[in-house]
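For the sequence shown, the residue numbers in our numbering are 740 to 932. Beta carbons: idealized from backbone N, C-alpha and C, even for Gly. Treat the numbers as computed from the prediction; the structure is a model and nothing was measured. First up is the structure itself, then whatever we jot down about it.
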Amino acid sequence: MARTGRRPGPTETRGEILAAARRLFGDLGYDGTTIRGIAREAGVDPALVHHFFGTKERVFVAAMEFPFDPEDIVPEIIEGPRAELGERFVRFFVRVWGDPQSRSGFLALVRSASSNERAAAMLRQFVTSALLARVAEHTGLPRLRMELAAAQLMGIALMRYILKVEPLASADDDEVAALVAPVIQHYLGTGEV
């Protein structure tokens with residue numbers, strides 16, 4: 740229900756929008772949540788949600804404290820020679836997981852998803868819709884190949900950053916990228932192993 744009268748200040752309004760977004764993403768999942776629904780839940784005009792965040796993806800990123808915004812990183816991954824796509828994908832992944840602040844946010848999301856089906860559904864929908872499907876669409880690659888590449892990288896994240904298995908845990912980022920990129924390139928259908 741939309742309020743009448745003067746709105747609270749920008750910080751308070753932004754917080755109310757994020758709280759509404761968290762509730763809706765939790766209840767309806769990523770795919771079932773809309774900007775209009777978030778606005779209705781927060782009691783604001785949809786234009787205000789667009790003003791603060793721009794897109795549903797950016798609302799999700801802010802609401803869930805996601806460590807990166809797909810709108811910023813998808814171009815980074817897809818731009819450049821196709822034969823180097825695997826390396827760009829690996830370097831992005833290592834950079835996100837290697838940053839302690841990004842890693843802690845991502846770990847919180849992954850832990851929530853591992854013990855809560857609703858959190859898992861939200862994270863799954865977001866990662867597949869906002870990241871993997873977009874990279875697949877821009878590159879013309881089948882989504883299965885993108886998902887296999889992502890699964891390989893999640894396994895590396897588990898071994899390197901969560902279980903901290905040596906020598907992988909202390910290996911240099913460049914060395915990890917050099918060893919893993921050809922495998923990811925193979926999954927992406929553009930290289931040989």
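Could you give the residue range of the alpha helix (DSSP H) that holds residue i?
i, result
"glycine 894", "882 to 896"
"alanine 908", "Element bounds for alanine 908: n/a, residue is neither H nor E."
"methionine 861", "856 to 865"
"isoleucine 816", "809 to 817"
"phenylalanine 824", "With the sequence shown as reference, residue 824 is identified as leucine, and phenylalanine is not the correct amino acid for it. Counting along the chain, the alpha helix (DSSP H) containing leucine 824 begins and ends at 824 to 837."
"alanine 802", "795 to 802"
"arginine 695", "The requested residue 695 does not occur in the structure, where the chain is confined to residues 740 to 932."
"alanine 875", "872 to 878"
Mark residue i as exposed unless 16 or more other C-beta atoms lie within 10 angstroms of its C-beta, in which case mark it buried.
i, result
"leucine 904", "Here residue 904 is valine; the residue named in the question, leucine, does not match the sequence. Valine 904 is exposed by the Cβ-count criterion."
"glutamine 840", "exposed"
"leucine 892", "buried"
"proline 906", "exposed"
"threonine 743", "Only weak support is given to the placement of threonine 743: the predicted model assigns it a pLDDT of 47, under 50, and the value that follows is read from those uncertain coordinates. Burial call: exposed."
"leucine 848", "buried"
"leucine 862", "buried"
"leucine 763", "buried"
"arginine 850", "exposed"
"glutamate 796", "buried"
"leucine 757", "buried"
"aspartate 913", "exposed"
Alpha carbons only, please: which of the options is nearest the one belonging to residue i?
i, options, result
"leucine 846", "Asp784, Leu757 and Leu902", "Leu902"
"methionine 898", "Ala758, Trp836 and Arg761", "Trp836"
"alanine 885", "Ile895, His877, Gln924 and Leu871", "Per the sequence shown, the amino acid found at residue 885 is methionine instead of alanine. Closest option to methionine 885, Cα to Cα, is Leu871."
"threonine 794", "Ala908, Pro814 and Ala760", "Ala760"
"glycine 879", "Thr752, Ser843, Leu824 and Phe791", "Leu824"
"glycine 765", "Asp808, Ala852 and Arg830", "Ala852"
"proline 881", "Leu927, Val922 and Ser843", "Leu927"
"histidine 790", "Arg779, Ala858 and Arg753", "Arg753"
"histidine 925", "Phe828, Arg779, Ile774 and Leu767", "Phe828"
"glutamate 818", "Asp911, Glu780, His877 and Pro785", "His877"
"alanine 890", "Asp911, Ala910 and Thr867", "Thr867"
"proline 921", "Arg830, Met803 and Gly771", "Arg830"
"leucine 883", "Ala910, Glu856, Ile923 and Ala860", "Ile923"
Compute the beta-carbon to beta-carbon distance between residue i and residue j, rounded to the nearest angstrom, for a pair I have assumed lies under 8 Å.
i, j, result
"isoleucine 812", "valine 798", "Contact doesn't hold; Cβ gap of about 17 Å is too wide."
"tyrosine 769", "phenylalanine 865", "5 Å"
"alanine 916", "glutamate 826", "6 Å"
"isoleucine 895", "valine 919", "6 Å"
"proline 809", "alanine 869", "4 Å"
"phenylalanine 807", "alanine 801", "Rounded, the Cβ-Cβ distance is 12 Å, inconsistent with contact."
"isoleucine 774", "valine 783", "Wrong, their Cβ atoms sit about 11 Å apart, outside the cutoff."
"alanine 781", "glutamate 755", "5 Å"
"arginine 834", "tyrosine 900", "Rounded, the Cβ-Cβ distance is 12 Å, inconsistent with contact."
*Unbroken alpha helix (DSSP H) runs of length 4 or more, entirely within the region 747 to 789: which are they?*
749 to 771 and 774 to 781
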